[in-house]
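Numbering (mature numbering (1 follows the signal peptide of the UniProt record, and there is no 0)), first residue to last: -29 to -1, 1 to 1093. The structure under discussion appears below in the form of structure tokens.
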Amino acid sequence: MAESRSINPANYTLAWICALPLELAAAEAILDEHHSSPSAPGTQSEYVLGKVSGHNFVVGCLPSGIYGTNSAAAAVTRLLSSFPNVRYGLMVGIGGGAPSRKADIRLGDVVVSKPVGRLGGVIQYDLGKAVGDGRFEQTGMLNQPPAVLLTAVSRMESEQMRLSNSYISSEISRVLAQNTNMEPRFSKPAQEDRLFHATYSHPEERTSCLDCDIREKVDRPPRLSKEPQIHYGTIASGNRVVKDGRQRDEIAQQFDAICFEMEAAGIMNHLPCIVVRGICDYCDSHKNKEWQGYAALAAATCAKQLLAFVAASIPCQSQLDGPKKSHFMVPFERNPRFQGREDTVRQLADQVLSTDHTKARKAAVSGLGGMGKTQVALELVYTIRQQDPARSIFWIPSTSIEAVEQAFRNLACLLGVSDGGSDDVKTIVKNYLSTERAGPWLLVIDNADDSDMWLTSTSPALKTFLPANEEGFVLFTSRNGALVSRLVGPNVIKLSEMDGAAAVALLRGFLIQRDLTEDEESAVALVNRLSGLPLALIQASSFINENGMSLETYLSFLDQQEESEIELLNQDFEDEYRYPDTENPVSTTWLISFQSIQRTNELAAKYLTFIACIDYKDIPLSLLPEAGTELEKQKALGILRAYSFISQQASSELVTMHRLVHLATRNWLRKERILYERTISAGEHISEVFPEGKYEQQSLWRKYLPHAQVLLEREEFESDGDVKDYLAGKVGRCFVEEGRYDDAERLLLECVASRRELLDANDPKLLSSITDLGRVYWGQGRYKEAADASIQVLHSQQVVLGDDHPDTLLSKHVLAAGMLFQGRLEEAETINRQVFQQRKSILGDEDPATLRTMSALGAVLRYRGRLQEAEELLGQAVELGRVILGPEHPHTLDSMMSLALNLSELGRLSEAEELLLKVYEVQKTILGENHPSTLITMGNLACIYHEMNRLEESEELHAKTLEIRKAILGPEHPDTLYSMSNLAITFQDRGRLADAEELAIQTLDIRKAKLGATHPETLRSIAILADVWRNQGRLDEAIALLSECAELRGSHLGPEHRNTIATKSRLKSWRKELHNKSPREYVDTEQESERSEGRKKSRRRFLRRSRQPEAKSLRHLLSFKT
């Protein structure tokens, strides 16, 4: 019965979707009423409107010839935009049966979708991924049908069990009687219903199954009733036609499916619906179209019967009226203390209010927990409310599934679209907000952190309920950057730490005593200590308010042990802008994220806990534990970046963890009682990958060094002595290379003590540690202790390894260097010659160790005054070093420096200068200007300038070297004292005698206190001060001081030592001058004499005897064998 009436789209609450024209014909035929409107505007003319079983229905059909899930999804979306009050739907048409022992499905029967187990009644069998073993793993979830339709299914199924049901046959007869033109195509075929075995394929040359092999027919018992049977279960939906019995059975068995079709999966997540399919074939090669019309009409008739069990839905008045007034559903008041994110709020407001609808209507604010994302969203909604009062604003807290469900229910009630007891309120809200009738709106989804909740775990995933409207805008806040990038695409604003001024302003806003921030130094220090994290600043202000303390006092608590800082960050506080049952302390705000990472990516969790055991800054990617593949590594790092736990600059191989996250992760591991275990594991890994401290690996170990250093200081690492000692040895050697002798000494003393307790006295590991400690003593100028260590190691190695072992030769080589600095030149030469011959014999002429001994022997010969021999040997060492090691290798540079000093002794100052300048330029580039080796070269170059009478340049370079050494090494380091002595001599020659005296006295006092009154360097300082006094005309005092020096040198260095001989000669000359000159004449004569070239040369010879360069060349004498 047709009824002409004016169409109001809001009156239609149910949709009926067809894929084929014959399905649409069947649907039209069973309508109780037809609603027609010749003047219906727009897209409404695409649909058939009418009433079935008391329900106003809109019937839509897919475009002709365009089938499948995508076409179905597009058709439903278009329908919903035209009919805003459509709540549910039916997908009605034909399908292929999947008979089995459990389901005796025959042609003309009807299948109704019904949830089974975890499946919602329809499964998209071709949506998934191929996994490693060749299997296809199905992914994604589809909506379950709404409860109101499932209840109707239950009632129809119940009635079918109780009563003899002939409704379908009767209704088909009625329809065909009223529509006689349909009889030829929609009547039940006379053709026999044949089911063939799955393995039997229809012969390609035959158009009919009449000639198919009757022996391949499945023997099925005849049915007693001619009435089509209704089956309930899972319907398999996909984008391909299944025409193979074996494939049909395989898919049906996998998903327990009883029917196949091609459209339902496309609409289930857009329109809650029941699928009704009449069986027209068996999804095998015996397909034909004979049964399609009858099956379509049987399905339509069954759908009509189903609707009789659904109560008619009358749209409420608010659904029929025009656009409503704006709504405001936000759980928090505006924050009057909002600070520092105004630019972000403006940027978002511009997007929300933009009239350019070609731009994205979704965005997200992402960042570390506690960064202020919720506060940005809150400030935005109140800003929008002021600027656009007509816009509705809604807020959904995504703290749990239950919270989201409740928010949707509240929203439906607010909008007046709640539909009785329906449990599919999310779809109702989505559909309404997706229409123009909803008006402009902003939807904030706060704390959308759980990927499972939004993408996979719920059925369907929550993302399918996001409304879309040109006048609407969806804003997410999330810690999970990866999740929101999937939800909104690239339109993600990442919040970082607040800058200093904004952070201080935020802190001030939350303090009761706002004048506390007038202590600007403490305020800035507190902001920096808390990394500009808003939540941490608010928590700190709350604690300060409660306890009435100053910023400086709070800072003092933070500066205590790690446990004290954690205790402060554990303090809970009242916050009117948090959700019930959520924890606020900074130390717990990331726990959910930690646990989520632990569940979803084992490697990301491993990286997180590994970084917690080392330093949080500048972590080389190469230091991280190995991953199975580079892709797995990048995915794991991507997860940590997505949660803003780590940051990484573009193209950088370093990552940094947020300091407070680092602290919180350690606290989490401590509470889980696995911090000890993870620290030991991290120590084992770093011990294995940390380089040996060789020059060739310098760039790598410099990156690793801070992390190994932090790990060694962890108390949890204490118990694993062997691994810790192994790592400490490696780190100690690197410290020596860096010139950080005090750090190396502290570490290696602990290592030696530990290994003495655990190992035998001759164990190679212990001897290695003692050797490393000896290198430290050389660097510190503690030559006796260094020699004692060398002798101890040497004796043990001679017993255990033998005299020719490379390690034994190395120790002898070092011992010879010690004798050189003690003035035992003959012994030093003897040992060096012996080692040189042994290394040549065992290792060869061109081995790096042989070259080092060649260079060391050349230095001894220079000290002994045999300059021509020294030049020949050092020249060879330089040339071989350039070829074998390279011109920039530290050993080559040391040989070049020794050769330059030898050339200066020969008076070839220009050649010496040229050579030293080459060394200096390379060291500046490779080591840096502040490295101890570079400073040695600077000092020696200054000495060369002094010899060349370029006193101004000499003073400038000595002063620069002294300044750097004081800052880097300290004012009492032996190298610093060398610079002070040399600068004092330069001051003399420039006539600055008062400055020279002051510096000489300082040097002497420090050396007496540090080294003792008889140490060779103390005696050198005495001689320099005596020379200054003499130049000041204080000859009596000078002679008395030099006499003391001569006596001490004779008793401690021996009467034949060159320094003893030189001092006695100088003392004799001074006494002669004193005897020959009157006091007045003496002063004038001595001042004139000071200007003479002879006196200058005397002091320069004194300067050349400085032991500085040879002492520092030891830094490479102890390098391990390659």
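Don't be surprised by glycine CBs; every beta carbon is placed ideally from N, CA and C.
Measuring straight from C-alpha to C-alpha, what distance separates Pro12 and Arg156? Unreliable positioning characterises Pro12 in this predicted model, as indicated by a pLDDT of 46, which lies under 50. The coordinate reading is nonetheless provided below. If I take the Cα positions, the gap works out to 33 Å.
What residue range does the alpha helix (DSSP H) around Gly60 cover? Under the DSSP assignment, Gly60 falls outside any alpha helix (DSSP H), being part of the beta strand (DSSP E) whose first and last residues are Tyr59 to Gly68.
Applying the 10 Å Cβ sphere with the 16-neighbour rule, what's the burial state of Leu134? Exposed.
Using the Cβ count rule (16 or more neighbours within 10 Å means buried), how would you classify Gln149? A residue is called buried once 16 or more other Cβ atoms fall within 10 Å of its Cβ, and Gln149, having fewer, is exposed.
State buried or exposed for Glu1061, treating a residue as buried only when at least 16 other CB atoms are found within 10 Å of its CB. Summary for Glu1061: the model assigns pLDDT 38, below 50, so the residue's position carries little reliability, and this model does not support an answer.
Which listed residue (Thr1034, Pro117, Gln484 and Ala267) has its alpha carbon closest to that of Gly91: With distances taken between Cα atoms, Gly91 lies closest to Pro117.
In this structure, does DSSP put Glu489 in helix, strand or coil? Reduced to three states, the DSSP call for Glu489 is helix.
Does the beta-carbon of Val770 have 16 or more other beta-carbons within 10 angstroms, so that it is buried, or is it exposed? Answer is exposed; the Cβ neighbour count stays below 16.
Let me confirm a value: Ala511 is counted as buried when at least 16 other C-beta atoms fall within 10 Å, else exposed. Which label applies? Buried, by the Cβ-count rule.
Cβ distance (whole Å) where Val347 is taken to contact Val316 below 8 Å: About 6 Å separates the beta carbon of Val347 from that of Val316, a gap short enough to meet the 8 Å contact definition.
Leaving out five residues on either side along the sequence, give the residues of the same chain with a beta carbon under 7 Å from the beta carbon of residue 1126. There is simply no residue 1126 to check, as the chain begins at -29 and stops at 1093 in what is shown.
Helix, strand or coil for Asn27 per DSSP? Secondary structure of Asn27 (DSSP, three-state): strand.
Got a sec, what are the start and stop residues for the alpha helix (DSSP H) His202 sits in? For His202, no alpha helix (DSSP H) encloses it; the enclosing beta strand (DSSP E) starts and ends at Ile201 to Ser208.
I'd like the list of long-range same chain contacts for Lys604, defined as Cβ closer than 6 Å, with 5 residues on each side in sequence excluded. Closer than 6 Å at Cβ, skipping near neighbours: Ala598.
What residue range is occupied by the uninterrupted alpha helix (DSSP H) comprising Glu221? Looking at the DSSP string, the run of the alpha helix (DSSP H) that includes Glu221 is Gly216 to Phe226.
Limits of the unbroken alpha helix (DSSP H) element including Phe447: Counting along the chain, Phe447 falls outside any alpha helix (DSSP H), though it belongs to the beta strand (DSSP E) covering Gly443 to Ser449.
Of the listed residues Gly88, Pro431, Asp759 and Ile1, nearest to Cys273 (C-alpha basis): Between Cys273 and the set Gly88, Pro431, Asp759 and Ile1, the nearest pair of CA atoms involves Ile1.
Does the Cβ-Cβ distance between Met300 and Leu385 come in under 9 Å? The answer is yes: Cβ separation under 9 Å.
If you run the structure through DSSP and keep just helix, strand and coil, what is Met300? Looking at Met300 - three-state DSSP - the assignment turns out to be strand.
Whose C-alpha, out of Leu33, Leu772, Leu906 and Val681, is nearest the C-alpha of Lys937? For the residues Leu33, Leu772, Leu906 and Val681, the minimum Cα distance to Lys937 belongs to Leu906.
Leu413: first and last residue of the uninterrupted beta strand (DSSP E) it sits in: Residues Trp412 to Asp417.
Would you call Leu195 buried or exposed, if buried means 16 or more other Cβ atoms sit within 10 Å of its Cβ? Burial call: exposed.
Give the straight-line distance between the Cα atoms of Tyr587 and Thr627, rounded to the nearest whole angstrom. One C-alpha to the other measures close to 6 Å.
Mapping DSSP to helix, strand and coil, what is His917? His917: helix per DSSP, three-state reduction.
Between which two residues does the alpha helix (DSSP H) carrying Ile1032 extend? Here the alpha helix (DSSP H) through Ile1032 covers Arg1029 to Asn1047.
For the beta strand (DSSP E) holding Gly249, just list the boundary residues, first then last. Following the DSSP letters along the chain, one finds Gly249 inside the beta strand (DSSP E) bounded by residues Cys244 to Asp252.
Residue of Gln847, Ala223 and Asp215 minimising C-alpha distance to Pro174: Residue Asp215 is the option with its Cα nearest to Pro174.
Output needed for Leu880: all residues of its chain with C-beta closer than 7 Å, excluding positions within five of it in sequence on either side, in chain order. Excluding residues up to 5 positions away in sequence, Ile915, Glu918 and Met919 lie with their Cβ nearer than 7 Å to the Cβ of Leu880 in the same chain.
Bridge partner(s) assigned by DSSP for Glu892: As far as DSSP is concerned, Glu892 takes part in no beta bridge.
Secondary structure at Phe231, three-state DSSP: helix, strand or coil? Here Phe231 carries a strand assignment [DSSP, helix/strand/coil].
When you compare only the Cα positions, how much space is there between Glu489 and Val475? C-alpha separation (whole angstroms): 10 Å.
Residues of its chain near Val871, where Cβ-Cβ distance is below 6 Å and the 5 sequence neighbours each way are ignored: Here residue 871 is Ala; the residue named in the question, Val, does not match the sequence. The residues are Ala883, Leu886 and Leu887.
DSSP puts Ala334 in a beta bridge; with which residues? Its beta-bridge partners are Leu446.
Length of the line joining the Cα atoms of Tyr96 and Asp255: For Tyr96 and Asp255, the distance between alpha carbons rounds to 17 Å.
Between the C-alpha atoms of Ile956 and Thr989, what's the straight-line distance to the nearest angstrom? Counting only the Cα atoms, Thr989 lies some 15 Å from Ile956.
Strictly by DSSP, which residues pair up with Asp4? Inspection of the sequence shows that residue 4 is occupied by Glu rather than by Asp. In DSSP, Glu4 forms a bridge with Lys22.
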